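In case it helps, the UniProt record's numbering puts the sequence shown at residues 1 to 158.
Written below as structure tokens is the structure these notes are about.
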Amino acid sequence: MDIIIRNAEQKDYESLLPLFRQVHEFHVFVRPDLYKENSTPVEKEYFESQLNDVTQHIFVATIGNDIVGVVVMKEEEITDNSFVKARKVLVINSLCVAETHKNRGIGKRLTKYVFEFGRSLRVDSIELGVSEKNTSAIEFYRSIGMTTKSRKMEIILN
């Protein structure tokens, strides 16, 4: 099994839709109060705008001609002020491995690639958000050395 990681291209959109749906459907399932059912959670125009934005990066993992994983990231600059120090962060907005290819090392290969990419950008850290209900993702991120930085909490009033 030869896994190739490369930059996403416009022609990848249709092949990526099932992965975008997989992520979105999980969110709809665990938080239907926040997320809408939508068979096209990432519109083609939005995907293309991400590809054209120099601060956003999308990598795909392929086996042969099949896209089996994707990671979507954005560079963020935190400016120095009286409260925080200036930092450059690479934020992972989405990471997905096709259900049919989980537990084959694809997620680890993608994240290792992202970590090296982050080093090449000279970012101070790589960060992401993960649902508390996504216990398998939390365990995966811990297994690759990530730690909890902060936690968002809520009380639902209606």
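Backbone N, C-alpha and C define an ideal beta-carbon position, used for all residues, glycine too.
As the structure is a prediction and not an experimental result, all values here were calculated from the model.
Let me make sure I understand the geometry here. Which of the options has the alpha-carbon closest to that of residue i?
i, options, result
"D66", "S136, R151, L17 and I156", "L17"
"S112", "I63, K85 and F140", "The sequence shown places Lys at residue 112, rather than the Ser named in the question. Checked all of I63, K85 and F140; the closest Cα to K112 is F140."
"S39", "S49, E48 and F26", "F26"
"Q22", "E37, K11 and G145", "E37"
"K85", "V114, D124 and N103", "D124"
"E154", "I5, I144, E132 and E14", "E132"
"M146", "I78, T135 and L128", "L128"
"E14", "I4, E45, R6 and F115", "E45"
"I4", "K149, R109 and N81", "R109"
"L19", "E99, D2, E116 and T148", "E99"
"R6", "I156, V114, L157 and S120", "V114"
Would you say residue i touches the ligand FAD, meaning its beta carbon is less than 8 Å from a heavy atom?
i, result
"K44", "For the ligand FAD, the structure offers nothing, since it holds no ligand at all."
For residue i, which residues of its own chain have a beta-carbon under 6 Å away from its beta-carbon, when the five flanking residues on both sides are left out?
i, result
"V97", "G69, I106 and G107"
"I126", "L90 and G118"
"A8", "I58 and V60"
"H24", "P41"
Pull up the CB-CB distance for residue i and residue j, whole angstroms please, since I reckon it's below 8 Å.
i, j, result
"K88", "R122", "7 Å"
"Q10", "E48", "6 Å"
Going along the chain, which residues of its own chain have a beta-carbon closer than 7 Å to the beta-carbon of residue i, five neighbours each way excluded?
i, result
"E76", "V89 and V91"
"A137", "V130"
"I144", "K108 and T111"
"I78", "V84, A86, R87 and V89"
"K149", "E127"
"R151", "none"
Leaving out the 5 sequence neighbours to the left and right, which residues in its chain are closer than 8 Å to residue i when beta-carbon positions are compared?
i, result
"H101", "I63, V68 and G69"
"D80", "A86"
"D12", "V60 and I67"
"N134", "F26 and V30"
Three or more C-beta pairs below 8 Å linking the stretch 67–76 and the stretch 90–104: yes
Touching by the beta-carbon criterion (3+ pairs, under 8 Å), the stretch 24–37 and the stretch 45–57: no
Quick check for students: name the residue ranges of the alpha helix (DSSP H) that lie wholly in the UniProt domain "N-acetyltransferase" (3–158), counting only runs of 4 or more. 13–30, 44–52, 106–121 and 135–143
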